[in-house]
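Those protein sequences? They're chains C and P, same order as listed. Residues 1 to 397 in the working numbering are what the first sequence spells out, letter by letter. Residues 398 to 539 in the working numbering are what the second sequence spells out, letter by letter. C-beta: ideal position from N, C-alpha, C; glycine also. Remember, predicted model here, so these are calculated numbers, not experimental data. Step one of this worksheet: look at the structure below.
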Amino acid sequence: MSGEVLVAGVGAHPWGKWPDKSQLALALNAIDAALDDAGLGWRDVGALVAASSRFEGGMGWGLHANEVAQAVAEQPMACINVGGACAAGAIAFHTAANLIASGECDVAIAFGAERMPKGFIPRPPGGADDITDTDFLRWVAMGATNPAYWAIEAMRRRAEHGTTDETLARAAQLMRRHAADNPLARFRDPLTVEQVLASPMVADPLHLLEICPVSDGAAAVVLCSERMARRTGARTARIAGSAIGSGAFGDPARRIPSIASTVNGGTIHTSEVISAARTALDRAGLSPADLDVLEMADNSAWHLLAWPELLGLCEAGQADWLIDHDGFGRDGIAALNPSGGFLSFGEATTAQALLQICELVWQLRGDAGRRQVEGARVAMSAVLGLGANGGSVVLTT
Amino acid sequence: MTEAARAVAEGLFVTDGENAVLLGARCEGCGAVYFPRPLSCRNPACHEKRLTAVELPGEGTLISYTVQRYRPPPLFRMDDWAPYAIGLVSLGDGIEVMGMLSGFELDHIAIGSPVRVICAPLYTDDAGAPVHTYQFAPAPGR
């Protein structure tokens, strides 16, 4: 960031199933809350950046910024719509931050809202029914669902690091323990390891309660310049670093929806996310050891073991011990998803990364109530989006 | 490998009825191997980006797997559906391919097993013709 950019306000609609609320209504609810939190009004807003939804909204291209402007504040604003699937929220945030850093405006809002279809996420429209569309091939050639990709990673981890069923279940249990104190989370009942392991097997070794469901939800973040923050006196968090990334050649990840990988042995796993996180930390002048809070995309219990290692919070293979010994609780080496994570929220794809940023801000301001991580000063998000999109944000007090 | 067995997608594999050969590509510039055949070499350090069609090896090593316990959504078709395994197989030269496993007991699948690429019927289409996919089966005699 060339100029200092601050988060002035955040807001989110609770995650769940909301059949009687339109996507736009969910978005407006979150944006109103974020503007209130910032102590700002629509006349202050110079730019709106929408994380364009995947499943409905807009004029065929998903929720978009102009739709919000036309619904609630008809005034000249820079309205920008960004894609990036589950990483779209991070890309929207990054875009908004750069609009302020460049001096184009003093207040920008990044937001996302999603209402998800039921069940396994289906193939998006537009591809051809031939070998040029891997999201066609993965279904017709083998029927590989999203959990199958995560399960193949988890099974590989079992062979490499001896990860047990109990450790995977404890990771899922940790998310529920955190979510118990979060009124925004959809699933807040505590779980025992036995309950997790007794839930139906979806794709070995992953059980139903170790896989994120799908939900409806919306989140918004108001960003502002230092000048504006001084004017309003809002309680802010500082954007120390923000980065977005794409996948690197040779990445060994089982990337949805591909059916094969070209692996070169020298490229880090989940490179689109890890490269973004490393860049965000570099821009902040910080290292993984400095993190008090990590909000990361836990599409499955496997992610909760693999990503902290890939992100440099611990050594490869060490996350199992940390999960087993409460090393990622609120008093751990870093609090892992104090919000409760995707496993407790259910994924509302394009809104999810913005919800992560909301939680970082609440933690840094000391507003997280009973789920507060004491003394949190450095907080990072990390998110992966279909199509090799990655994003990461580092915030500080 | 000229038998006219109907495949789930054209250009994915050829078959003699029993074995399948996966249709890949190799970049003459950097040596990278791809499956299925892509539009372009994806190596950013490769300036030549000249792809040649190749047939991938018929045997490889199982490096991971899962068992799908729920029926996938309707774009996937399978006669007599029952839980089945999907494997991840290294075919050498850095190419790792996912596909259904055949001939394994679901509770006794071992990472590291040698496998061969076969062709197997998956479902019967609306005209009554069998539609085939490639699968990985235990390699014989090993």
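Three-way DSSP call (helix, strand, coil) for residue i in this model
i	result
Ala148(C)	helix
Arg423(P)	strand
Thr458(P)	strand
Ser261(C)	strand
Trp478(P)	coil
Val196(C)	helix
Gln465(P)	strand
Asn389(C)	strand
Pro511(P)	strand
Val45(C)	coil
Glu166(C)	helix
Phe345(C)	helix
Ala316(C)	coil
Ala401(C)	The displayed coordinates of chain C run from 1 to 397. Any statement about residue 401(C) would go beyond what the structure contains.
Leu208(C)	helix
Leu355(C)	helix
Trp321(C)	helix
Ala429(P)	coil
Val383(C)	strand
Glu4(C)	coil
Asn98(C)	helix
Phe187(C)	coil
Gly266(C)	coil
Ala108(C)	strand
Asp216(C)	strand
Contact under 9 Å by Cβ, residue i with residue j
i	j	result
Arg105(C)	Ala78(C)	Residue identity check: residue 105(C) is Cys in the sequence provided, not Arg. Against a cut-off of 9 Å, the Cβ pair of Ala78(C) and Cys105(C) comes out as a contact.
Ala90(C)	Ser242(C)	yes
Phe111(C)	Val49(C)	yes
Ile244(C)	His64(C)	no
Phe473(P)	Met142(C)	yes
Ala403(C)	Ala12(C)	One cannot answer for residue 403(C) here, as it falls past the ends of chain C, which runs 1 to 397.
Ser102(C)	Ile211(C)	no
Glu114(C)	Gly41(C)	no
Val293(C)	Gly390(C)	no
Ser510(P)	Thr458(P)	yes
Ala348(C)	Val214(C)	yes
Ala234(C)	Thr396(C)	no
Gln372(C)	Gln363(C)	yes
Ala203(C)	Tyr467(P)	yes
Val512(P)	Glu445(P)	no
Asn264(C)	Gly491(P)	yes
His232(C)	Ala25(C)	Here residue 232(C) is Thr; the residue named in the question, His, does not match the sequence. In this structure, Ala25(C) does not lie closer than 9 Å to Thr232(C) by Cβ.
Ala87(C)	Arg54(C)	no
Cys516(P)	Ala417(P)	yes
Residue i classed as buried or exposed, judged by whether at least 16 other C-beta atoms fall within 10 angstroms
i	result
His505(P)	exposed
Asp477(P)	exposed
Gly46(C)	buried
Asp523(P)	exposed
Trp15(C)	buried
Trp302(C)	buried
Gly489(P)	exposed
Glu502(P)	exposed
Gly247(C)	buried
Met59(C)	exposed
Glu309(C)	buried
Between the CA atoms of residue j and residue i - distance to the nearest angstrom
i	j	result
Phe345(C)	Arg43(C)	33 Å
Pro433(P)	Arg255(C)	15 Å
Ala277(C)	Leu291(C)	12 Å
Leu304(C)	Ala526(P)	45 Å
Glu452(P)	Ala402(P)	18 Å
Val394(C)	Val486(P)	37 Å
Arg447(P)	Met228(C)	53 Å
Ala422(P)	Leu311(C)	33 Å
Glu374(C)	His178(C)	14 Å
Ile268(C)	Pro252(C)	7 Å
Gly387(C)	Pro288(C)	26 Å
Asp189(C)	Val361(C)	24 Å
Leu184(C)	Asp367(C)	14 Å
Ala108(C)	Trp307(C)	30 Å
Glu400(P)	Ala219(C)	Any reading at Glu400(P) must be qualified, since the residue scores a pLDDT of 45, below 50, and its modelled position is unreliable; the value itself is stated next. Taking the straight line from one Cα to the other gives about 55 Å.
Pro205(C)	Thr145(C)	14 Å
Ala473(C)	Ala69(C)	Given that chain C is displayed from residue 1 to residue 397, the structure contains no residue 473(C) and the question cannot be resolved.
Beta carbon proximity, residue i to chain A, threshold 9 Å
i	result
Ala144(C)	The chain labelled as chain A is not found among the protein chains of the depicted structure, namely C and P.
Three or more C-beta pairs below 8 Å linking the region 320 to 327 of chain C and the region 399 to 417 of chain P: As far as the Cβ criterion goes, the region 320 to 327 of chain C does not touch the region 399 to 417 of chain P, which means the pair count is below three.
Touching by the beta-carbon criterion (3+ pairs, under 8 Å), the region 482 to 501 of chain P and the region 139 to 159 of chain C: yes
At least three beta-carbon pairs within less than 8 Å, the region 376 to 383 of chain C to the region 204 to 224 of chain C: no
The region 168 to 183 of chain C in contact with the region 129 to 142 of chain C per 3-pair CB rule at 8 Å: no
Any 3 or more C-beta pairs closer than 8 Å across the region 426 to 441 of chain P and the region 461 to 469 of chain P: No: fewer than three Cβ pairs fall under 8 Å.
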